[in-house]
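Only one structure is covered here, and it is reproduced in the block below.
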Amino acid sequence: MLKVYHTVDDHVSVREQPSEKGSWLCLINPTEEEIQSVSRHTGITYDFLKDPLDDEERPRIEIEPGQILIIIKVPVARGKEEAEFYDTIPLGIIVTKDNLVTVCLDDHPIFAQMLKEPVLYTFKKTRFLLLVLIKTATLYLNYLRILDVRSTELQQRLSHTMKNEALFQLLDVQKSLVYFTTSLRANGIVMEKLTRTQLVKAKEAPASMLIKMYPEDEDLLEDAITENRQAMEMSSIYSSILTGSMDAYAAIISNNMNIVMKFLTSVTIVLSLPTIIASIYGMNVGLPFQHSPFAFAGIMGVTLGLGGVVAYSLYRWNMF
Numbered sequence: 001m002l003k004v005y006h007t008v009d010d011h012v013s014v015r016e017q018p019s020e021k022g023s024w025l026c027l028i029n030p031t032e033e034e035i036q037s038v039s040r041h042t043g044i045t046y047d048f049l050k051d052p053l054d055d056e057e058r059p060r061i062e063i064e065p066g067q068i069l070i071i072i073k074v075p076v077a078r079g080k081e082e083a084e085f086y087d088t089i090p091l092g093i094i095v096t097k098d099n100l101v102t103v104c105l106d107d108h109p110i111f112a113q114m115l116k117e118p119v120l121y122t123f124k125k126t127r128f129l130l131l132v133l134i135k136t137a138t139l140y141l142n143y144l145r146i147l148d149v150r151s152t153e154l155q156q157r158l159s160h161t162m163k164n165e166a167l168f169q170l171l172d173v174q175k176s177l178v179y180f181t182t183s184l185r186a187n188g189i190v191m192e193k194l195t196r197t198q199l200v201k202a203k204e205a206p207a208s209m210l211i212k213m214y215p216e217d218e219d220l221l222e223d224a225i226t227e228n229r230q231a232m233e234m235s236s237i238y239s240s241i242l243t244g245s246m247d248a249y250a251a252i253i254s255n256n257m258n259i260v261m262k263f264l265t266s267v268t269i270v271l272s273l274p275t276i277i278a279s280i281y282g283m284n285v286g287l288p289f290q291h292s293p294f295a296f297a298g299i300m301g302v303t304l305g306l307g308g309v310v311a312y313s314l315y316r317w318n319m320f
């Protein structure tokens with residue numbers, strides 16, 4: 001799907017064709033025909049438009065004459081309700097002299113957030129890029145808070161009952177945190193490279209520079225870096241805590257299993273005594289007291305006595 005936006009008189013309007021300068025071209029899981037059309041109208045290389053559609057594409061900056069490709073990882077929610085987990089997908093931002101293009105596999109919430117901005121200038125490429133970076137980091141922070149709440153709820157459930165369902169959901173949380181930590185670290189590297197090589201002050205930048213840092217955008221850059229760093233630290237902390245919790249649950253489950261096995265072994269030992277005595281007196285040979293009227297009571301008394309002694313001994317040895 002291709003959407004074309006253009007700012008006119010401080011309002012964003014939708015265009016039919018990507019031919020107007022200063023437009024934002026938003027490609028969402030585009031068809032081959034749409035990719036070819038945008039490439040033809042904007043002069044952007046085919047690979048720049050195709051690379052962000054690879055789910056495993058890593059965050060990076062790639063530069064070609066007259067165009068820059070910036071790929072970052074953005075968070076997405078998968079699944080439904082309690083089975084919901086989070087993943088990350090590539091978002092490509094392509095900056096040219098005349099236009100700005102975004103490429104993504106999903107209709108990501110960031111696009112809707114951008115359009116809700118009080119004033120969005122599609123021709124201000126630097127500000128647009130920094131807004132995307134800030135909103136990405138903010139979305140990570142929001143999802144991290146949700147994951148933290150869910151992790152706490154699941155751990156409370158597991159403290160009462162060790163159900164596989166809760167453990168699997170906790171594994172999904174842990175997997176989401178690993179994705180977030182890896183992606184945030186890669187996004188941070190992209191921001192650092194942008195700061196060093198591309199975001200040069202407008203007064204010092206050559207005319208051919210596609211992305212220039214204007215005074216009013218410096219605070220946005222600092223906010224983007226700070227938000228991303230905060231999200232990365234939160235993700236790392238939550239992941240470490242959850243890893244420790246999962247290790248603790250594994251140890252608890254193993255310990256519970258050992259306790260059950262020890263108890264069953266003790267019960268087996270106690271119950272084996274009556275079986276042994278009954279087996280002996282079931283033999284078809286002459287046995288002591290076999291003609292005595294008190295034989296049954298005596299045998300049962302001895303059996304119960306031995307069982308009690310063994311059970312008490314095992315109890316003293318913490319086998320029960």
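One point on numbering: in UniProt numbering, the residue at position 224 of the sequence shown is 224, and numbering is uninterrupted.
Positions of the beta carbon are idealized from the N, C-alpha and C atoms, including for glycine.
A quick note: this is a predicted structure, and the numbers were derived from the prediction, not measured.
query, result
"Extent of the continuous alpha helix (DSSP H) to which V190 belongs", "N164 to K193"
"Cβ-Cβ separation, L147 to V173 (assumed contact under 8 Å), whole Å", "5 Å"
"Proximity winner among C26, V309, M300 and M257, relative to residue 323 (alpha-carbon distances)", "Since the displayed the chain opens at 1 and closes at 320, residue 323 lies outside it and no answer follows."
"Endpoints, the alpha helix (DSSP H) within which K3 is located", "Where K3 is concerned, there is no enclosing alpha helix (DSSP H), although the beta strand (DSSP E) it sits in stretches over L2 to V8."
"Touch test, the stretch 125-137 against the stretch 148-155, Cβ-Cβ under 8 Å, three pairs minimum", "no"
"Between the CA atoms of H108 and V76 - distance to the nearest angstrom", "8 Å"
"Bridge-paired residues (DSSP) for Y86", "A77"
"At least 3 beta-carbon pairs within less than 8 Å: the stretch 105-121 vs the stretch 86-96", "yes"
"Residue from L171, L170 and K193 with nearest C-alpha to I68", "K193"
"Collapsed DSSP secondary structure at K203 in the structure displayed", "For K203, the predicted structure reports a pLDDT of 46, less than 50, and the residue's modelled location is therefore unreliable. The matter cannot be settled from this model."
"Assigned secondary structure, S208 (DSSP; H/G/I helix, E/B strand, else coil)", "Reliability fails at S208, whose pLDDT of 46 lies under 50, so the model's placement of it is uncertain and no value is given."
"At least 3 beta-carbon pairs within less than 8 Å: the stretch 254-261 vs the stretch 288-306", "no"
"Validate contact between the stretch 180-189 and the stretch 229-237 using beta carbons, cut 8 Å, 3 pairs", "yes"
"Reference G301; option with closest CA among L273, T31 and Q155", "L273"
"Counted within 10 angstroms of its Cβ, other Cβ atoms place E317 as buried (16 or more) or exposed", "Reading off the sequence, residue 317 comes out as Trp, not Glu. Classification of W317: exposed, given that the 10 Å Cβ count is below 16."
"Contact under 9 Å by Cβ, Y249 with L170", "yes"
"Candidates L144, I71 and Y315: closest to L264 by CA position", "Y315"
"Sufficient close CB pairs (3 or more, under 8 Å) joining the stretch 155-163 to the stretch 40-48", "no"
"Ordered list of alpha helix (DSSP H) runs contained in the stretch 219-290, each at least 4 residues", "none"
"Beta-carbon contacts of P59 that lie in its chain and below 6 Å, excluding the five residues immediately before and after", "I71, I72, K73, A186, N187 and V190"
"Under the three-state DSSP convention, the category T45 falls into", "coil"
"Classification of I94 by the beta-carbon crowding that lies within 10 angstroms, buried from 16 upward", "buried"
"CB contact flag (L25, I35, <9 Å)", "no"
"Whole-angstrom distance between G79 and P215, CA atom to CA atom", "42 Å"
"Inter-residue Cα distance where the pair is P30 and S23", "18 Å"
"Contact check, L120 vs L131, beta carbons under 9 Å", "yes"
"Through-space distance from S313 to A278, alpha-carbon basis", "22 Å"
"Opening and closing residue of the beta strand (DSSP E) in which T102 lies", "L100 to C104"
"Beta strand (DSSP E) segment containing S23, residue limits", "S23 to I28"
"Minimum C-alpha distance to L53 - residue among D223, I28 and T243", "I28"
"Any non-hydrogen atom of the ligand MN within 8 Å of Y86 CB", "Ligands in the displayed structure: none, and consequently the ligand MN is not present."
"P206 burial status per 10 Å Cβ neighbour count (16 or more: buried)", "Here P206 scores only 44 on pLDDT, less than 50, and its place in the model should not be relied on; the value that follows carries that caveat. That one is exposed."
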